[in-house]
Each structure stands twice: as C-alpha cells, then as structure tokens.
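Trainee: Just so it is clear: in the sequence shown, position 53 is 1329 by my numbering, and no numbers are missing.
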Amino acid sequence: MMNIIELGKNDNLLIKPQRVNLNFSALINQSLLRSMENNIDPDMEKGKVSKESLNKSRVKNTELIETSLPLMRDIYKMVEGTGFMVVLCDQDGLLLKTIGDKDILKKANKISFVEGADWSEETVGTNAIGTCIKERVPLQVVHDEHYMKICQEWTCSASPIYGRNREMIGVLNVSGPYEKVHPHTLGMVVSIARAVENLLELKEKIRRNELMQSYLEATVNSLTSGIILVSLQGDIIQANKTLLDMIQLGEAELIDQKIEHVFENKLFSDGVSIFGAIKDRDIRLRFKGGKSPIHVLLNSKPVYQGQSQIGSLLIFQEIQKVRQLVNKLTGNRANITFKEIIGENALFIRSINEAIAASNSPSNVLLLGESGTGKDLFAQAIHNESKRRNMPFIAINCGAIPRDLLGSELFGYADGAFTGARKGGSSGKFELADGGTIFLDEIGEMSLDMQVLLLRVLQNREITRVGGHKVLPVNVRIIAATNKNLKEEVQKGNFRHDLYFRLNVLPIKIPSIRERGDDSQLLASHFIDLYSRKIARKIEAVHPSYMEAIKKYNWPGNVRELQNVIERSLNRVTSDILSIDTLPEEILSIYEQNAPHNDSNSTKNMIQKQMLVQVLLDCNYNYSKAAKKLNISRSTLYRWMERFNLK
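#1: Take Ser1588 as the anchor and find which of Leu1462, Gly1510 and Ser1627 has the nearest alpha-carbon.
#2: Can you give me the start and stop residues for the alpha helix (DSSP H) that Val1472 sits inside?
#3: Got a sec, what are the start and stop residues for the alpha helix (DSSP H) Gly1406 sits in?
#4: Quick one: which unbroken beta strand (DSSP E) runs of 3-plus residues sit fully inside the region 1603–1648? Chain order, please.
#5: Between which two residues does the alpha helix (DSSP H) holding Gln1367 run?
#6: In chain order, what residues of the same chain have a beta carbon less than 6 Å from the beta carbon of Arg1679, not counting five sequence neighbours either side?
#7: When the Cα atoms are used, what is the spatial distance from Ala1528 to Val1390?
#8: Taking all protein chains shown into account, do 16 or more other C-beta atoms lie within 10 angstroms of the C-beta of Gly1323, making it buried, or fewer, making it exposed?
#9: Determine, using beta-carbon pairs with one atom in the region 1635–1644 and one in the region 1817–1829, whether at least three such pairs fall under 8 Å.
#10: Does the count of Cβ pairs from the region 1452–1467 and the region 1481–1496 closer than 8 Å reach three?
#11: Suppose the cutoff is 7 Å on Cβ atoms and the five residues either side in sequence are ignored; what does the same chain contact list for Ser1851 look like?
#12: Identify the residues that DSSP records as bridge partners of Asn1751: which are they?
#13: What runs of the beta strand (DSSP E), each 3 residues or longer, lie entirely inside the region 1779–1815?
#14: Taking the continuous alpha helix (DSSP H) assigned at Met1354, which residues delimit it?
#15: For Ile1535, collect the residues of the same chain with a Cβ closer than 6 Å to its Cβ; drop the 5 residues on either side in sequence, then sort them by chain order.
#16: Whole angstroms are fine: how far does the CA of Leu1782 sit from the CA of Ala1757?
#17: Starting from Gly1452, trace the beta strand (DSSP E) in both directions and tell me its first and last residue.
#18: Identify which residue in Val1472, Gly1452 and Ile1426 has its Cα closest to the Cα of Ser1435.
#19: What residue range does the alpha helix (DSSP H) around Gly1683 cover?
#20: Given that a residue counts as buried once 16 or more other Cβ atoms are within 10 Å of its Cβ, and exposed if not, what is Gly1552?
#21: For the region 1617–1631 against the region 1787–1798, do three or more pairs of beta-carbon atoms, one drawn from each stretch, fall closer than 8 Å, so that the two count as touching?
#22: Could you give the first and the last residue of the continuous alpha helix (DSSP H) run that contains Ala1302?
#23: Whole angstroms is fine: what's the gap from Ala1404's alpha carbon to Glu1477's?
#24: Taking the alpha-carbon positions, what's the Asp1875 to Arg1664 distance?
#25: From this set, Tyr1899, Ala1709 and Ala1655, which residue's C-alpha is nearest Arg1910's C-alpha?
#26: Please name the residue in Gly1720, Gly1688 and Glu1429 whose C-alpha comes closest to that of Lys1705.
#27: Report the rounded CA-to-CA distance for Glu1339 versus Pro1668, giving the unit in angstroms.
#28: Can you give me the Cβ contacts of Ala1690 inside the same chain, cut-off strictly under 6 Å, excluding the 5 residues immediately before and after it?
#29: Determine the DSSP secondary structure at Val1889, reduced to helix, strand or coil.
#30: Tell me where the alpha helix (DSSP H) around Asn1736 begins and ends.
#31: Need the endpoints of the alpha helix (DSSP H) that Ser1821 sits in, please.
#32: Below 8 Å between beta carbons: does that hold for Val1335 and Met1348?
#33: Note down, in chain order, each residue of its chain lying with its Cβ closer than 8 Å to the Cβ of Tyr1438, except the 5 sequence neighbours on either side.
#34: How many angstroms separate the CA atom of Ile1375 from the CA atom of Gly1582?
#35: When burial is assigned at 16 or more other CB atoms within 10 Å of the CB, is Glu1707 buried or exposed?
#36: Could you check the C-alpha separation between Glu1765 and Arg1732 for me, to the nearest Å?
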C-alpha cells in the first residue's frame, strides 16, 4: 500500500490499523491507480446526490429492493448498536436503500453517503461499492484504502448481486467504523447477497410457473373438447371451461366431487372403465338430478407420473359439433341463397315467395318440378333462410342408392349388423343432419318398405339403426323433392298415401324453363358470364341470333341443360363474339325451322348482317375497331357493308 501513499495523494492519513485480510491488496492498488487517472479529487467533502436518478433507479429495481429489504433488516439486527449500516446499491453504484443506527446515518449524511448518492469508482474513487462493481468480486476496503479522505474513517464490505445470465444487478454493502473491521463481516455480506440471488431466482421460477400455468389454462380452455382430470380414487381434479359450458355446471359443483356422484352412466360408477384407454365411445352423458342427457363422443387416456398411473384424462366432444365439423369438411352444407336464384318470370317469382315463406316454418316441404328445374337449389336456399342455417344440410338422392343400401345410408347401422360392418357401427344421414335439414331428392324412387321407416321418423322424430335396438331421437327438418306425380303414384300403389300426406304439407311447384318466358335469356346471360370467367374466354358480344335461338328452344332438360349448352358454346367459340354456330345442332335446327326464310343461304346472310350491324354499333362505327373485332381486313368490312347496304 505504501507505494501508492508515497505518491503524495494522502498526506493526512490516520494511523493504519492491522489489516485483517490482504488478499484484496492488488485489486485496491489497481483501483487507486484508476482513481488517479480519472483525476478524482481526494479532498472532496461530499458525494454526489441525484433525487431524479434515485427515483428512476428505484422504479427499475423495484423487485431487487423488495427482495433485499427483509434480508437487509436481518443483517441490521445482527449489527444493531455497533455503529454499522446496511446499504443496497444498483448496478451503477447508486445507493437505493440504507438501514442503520441513528448516529451512523447522521455521520453518513455529512459525507452524502445517502440514498440517491453515486458511489461508483468513477465518481468517488476507490471504495468497496464502486470497486466491487468494477472488479465484479466481493471486496472489503478498510481505512486509508479508500481514495477519498472523507471515507477513511470507514470500513466497508461489499458483494455483487447477480441476476439471470450472471448479469450484475446490484451491490449489498455493510459500512461502519474502521476500527471495528472484522473478517466475518464480508462473509456475512456475501451470504446475504447469495440469499438475495436465490430469492430472485425462486421468484422468477414461480413467475414462470404461474405464466406457464396461465398459458396452459388458456390453451385448455380454448379447446373445443370438454376435459376432465380424474384421480385414481375417482375425484374430479380439474375441468376446462368448455366442459363446464357443455354440461351447464359450475366449477364448485364439479371439482373435488366423485365422478359417479355427477354422472349416472355405468362406466363412471365402475371406476375401472375410465382408467384404461377409451376411443371414440358414443354415449349419452346422463346427470344425477334429472338434467337432460347430452350426446357425446368420449375418449379416455391414462395419466402417469413416472411409471405409476395417477389418474385419467377424459375428453368429451358433443356429437352434434363433431358432425357439424364432418359435414363442413365433407361439403354437407348449403351454399345457395335466394339471392343467387335467377328469374323474373311472375310464375317463378311466386314459387320463390312460397319457398321463402316455407323457410320460416318447421313443417315438411315437398318440391315438385321436372328434372333440372333447380329443386336442389331451392332446398339449399330454404335451409339458409331458416333458423337452422348454421346447422347441417344433408342431401341424399334416393334414386341413386341401391334399395338394399338406402336403409343403412339413411338410418345408419349397429355394430355387427352385417358382414363387413364397421366396428362400433356407423351414423346415418339422419343422425348427421340432427338439428339441421335433410334433403331427400327423388323421393318417388323410394321403396315401400323404406317408406314405412321414413314415416316412423316423421311421426316420432326418432330412428333405430339397421340391426340395432336402441332408439335415437333426431331433430331434423325434411325437404323432399320429386319429378313424379305422387298422387298418381299413390293411386298406382307405388307410394304410401299416409307418407304422401306427411310430406305434402308445404308443396312448392317449380316451373320449367318453357313456362318462364324470357327467363331463358336471362339465365343464358348469367351462365355466359359465369363460364367465360371459369374457362378464361373473353366474350365482347353475344350475337342477337344466339339469344333468339336460346329463346325458341323448349329446353326439356331445363336449367341443367341450359348450363351444359352455354358451357359447350364457350368451349367452341373462336372469337370474342358468341355466335349461333357454337350451339348444338338440335337447337340450330329448331331456330332455322322458325326463321322467316327456310333457305340456308338466306339464313346465313341474315345472321351475318345482324352480326355486322351489332359490331358496328358496339364500335360506334369505328371501322378499324369493327374490322379488328370481326377478325377481317378493312377492305372486307367495306365489301360486307356494300352487300348489306349499310354504307
């Protein structure tokens, strides 16, 4: 130490006490050299205090202060009355908290060793706090080892406090009279600093655990499946919000209850049943106390701690929601609304109005009309206009399924109902449509024995799977459709009269295209626009003769045939004008038969003239544009105009 003192910086030093531990000499010598290089005045009478810096640092280090204070008070109890004080600093050497005897605090105040003071090495030179921060090691500075003379009556023991990633976040310091220096003081400070670090780490772990628990709870509660955790003793440990909403019970009514005291099903009272693996078991969840049962799909998975099973995880999915998802993924939903059904004919508008009125009724609907008139579109629109719009829409063509398979298709089948039947059985269309609408197209093709089963569904609103005995309630609205005269079929004995009267509650007749007047041209324009975009054909104009041919044809295949013809025309067209020659022969022949001149050359000339006039009008008699549009030269255009006296 004398090599520093001899430099003349400390002329009025008190007698140096016996050094307790000389292990810090090298560090202190280096610090004294740094202090001189930083031109720090050793005769400074006070430290620098900033209340603004103190307030900012306290906000930043709130957790460090709250964690350290109880332990600082414990240290103070050990040194109370001995003239020592306990100090907490931030990572820059700013004093955050001080605890001590009245006299020592008064003495510290004289040199501004107070809360808000900057005790970094760069500000006051060598001292336990500042040098500890600089060297990142616990340090004891005694008497004249302090660079500033005002500090040389003190002994200070400081230890860094580390946070995550070994980042220094503060310093714990004990200061007192230099003559009372003791080797155990620093050890005590280091121990308390480590205790602060451990407490901070513990708090961080608790915070992370709480955060993780919040994430897990949020994740579990966001699941669409209901979840129950059950102990091996059958106690309900936890349930997610989805489950509570599903069964309409509060958490207090479920948690810590025996599962057999909540549910009546035998598998819960067995105990053993739910602790193995259960996969996709279709059950009706029955409650103690007479609440209505809920139709669910149950899965169960054992829960282990190490090698030992400690309980079971039960997963409940409402069958109706499962089916809604299946229907959505498999396309079992209605896409058409009344806004998308095109027509202006008064007879057709009356049919639409009747269908809209039927949408708001729970009664069965019977759609009547020729093939291709759009009965399936009406069925979808009725469903989408009804209160069942968010529920399934299942369509089945009764004439397209073999009669011996229609029963299992409509009503499902039980486990082992026939050779090759899927294990566990299978739901039918009525179960899949539960809560929604089932559309039975070509109902007139249904066999008499199947009609009996359908009549039972209409009367009792319940079904029995093929090969099964269990009666399953269903809530389904039926829309049936046929192109047959069901009255005549009843008279012939092909259709049951009682089923006919059940279905014929709200009959709606959909007119054919030939009954709809100019709607054929309206529909043609719609399909031209639709399919030209679909198959990337740019159509600038439609020749008048094309639409005239569309109007004159009687369309035995109705809208479906018209769609097909328009799509075929757009695939055959070679220019941006849709002309009559793209239509099928059967439509052209009808048009030519009704043309004013039956001579084919006259017809051709008339078509050419009409097309030329239309193009000239479209181009505002700009001959260059008209020639380009017709894909001919201007000279050819002039010849055509001369021939037809259009100049």
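Glycine included, C-beta positions come from ideal geometry on N, C-alpha and C.
Mentor: Concretely, from the data shown:
#1: Gly1510
#2: Pro1459 to Ser1498
#3: DSSP places Gly1406 in the uninterrupted alpha helix (DSSP H) bounded by Ala1404 to Glu1411.
#4: Uninterrupted beta strand (DSSP E) stretches at least 3 residues long and entirely within the region 1603–1648 occur at 1641–1644, given in chain order.
#5: First-last for Gln1367: undefined, no H or E at that position.
#6: If we look at Arg1679 and ignore the five residues flanking it on each side, its Cβ neighbours are Ser1723.
#7: 54 Å
#8: buried
#9: no
#10: no
#11: Asn1907
#12: Paired residues: none, contrary to the question.
#13: 1782–1785
#14: Thr1338 to Val1355
#15: Val1506, Gly1510, Ile1512 and Phe1544
#16: 12 Å
#17: Met1444 to Pro1453
#18: When each option's Cα is compared against that of Ser1435, the closest is Val1472.
#19: Arg1679 to Phe1687
#20: exposed
#21: yes
#22: Ser1301 to Glu1313
#23: Roughly 25 Å separates the two Cα atoms.
#24: With a pLDDT of only 47 at Asp1875, under 50, the local geometry of the prediction cannot be trusted, and no value is derived from it.
#25: It is Tyr1899 whose Cα lies nearest to the Cα of Arg1910.
#26: Considering only alpha carbons, the answer is Gly1688.
#27: Glu1339 and Pro1668: Cα-Cα distance of roughly 56 Å.
#28: Gly1701, Arg1741, Gly1743 and Gly1744
#29: helix
#30: Leu1724 to Asn1736
#31: Pro1820 to Lys1828
#32: no
#33: Cβ contact annotation for Tyr1438 (same chain, cutoff 8 Å, sequence separation greater than five): Met1444, Ile1445 and Glu1473, in chain order.
#34: 49 Å
#35: Of the other Cβ atoms in all chains shown, 16 or more fall within 10 Å of the Cβ of Glu1707; this residue is therefore buried.
#36: So the alpha carbons of these two residues sit roughly 20 Å apart.
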